[in-house]
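Some notes on the structure that comes next.
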Ligand code: SF4
């Protein structure tokens, strides 16, 4: 499967999982995409990890898509590198 097809498929799965449920980022999206505020980022990550039923699908999509900005699935990349490199680094140093 081509990468673009994989990204599209994971996005479809995320959208299906989100359909009809409330997710924390839906109420205050600025908290998820305001990279200027460390406090907002920390709070967003905590809400993803404790209050969202689609965290796994969200992170899977963001990793595949190479997202660099915002909080996705409880992860963020404050230096603008891809979430994939951030998560890989965390796994290695854990
Ligand atoms: S895990 Fe994804 S969908 Fe859920 S609150 Fe976080 S950013 Fe939003």
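Residue numbers (the working numbering): 6 to 99.
For every residue, glycine included, the Cβ atom is placed at its ideal position computed from N, Cα and C.
If you're wondering where the values come from, they're calculated on a predicted model, not measured in any experiment.
For the pair residue 54 and residue 12, the Cα-to-Cα distance works out to about 22 Å. At least one heavy atom of the ligand SF4 lies less than 7 Å from the C-beta of residue 29. Nearest in C-alpha terms to residue 61, of all of 6, 28, 32, is 28. The region 40 to 52 makes no contact with the region 15 to 25, as fewer than three CB pairs between them are under 8 Å. The Cβ neighbour count for residue 25, taken over all protein chains shown within 10 Å, is under 16; the residue is labelled exposed. Annotation: residue 31 to residue 86 spans about 24 Å, alpha carbon to alpha carbon. As summarised for the region 63 to 90, there are no continuous beta strand (DSSP E) elements at least 3 residues long confined to that stretch. Taken from the Cβ of residue 15, every heavy atom of the ligand SF4 lies 7 Å or farther away.
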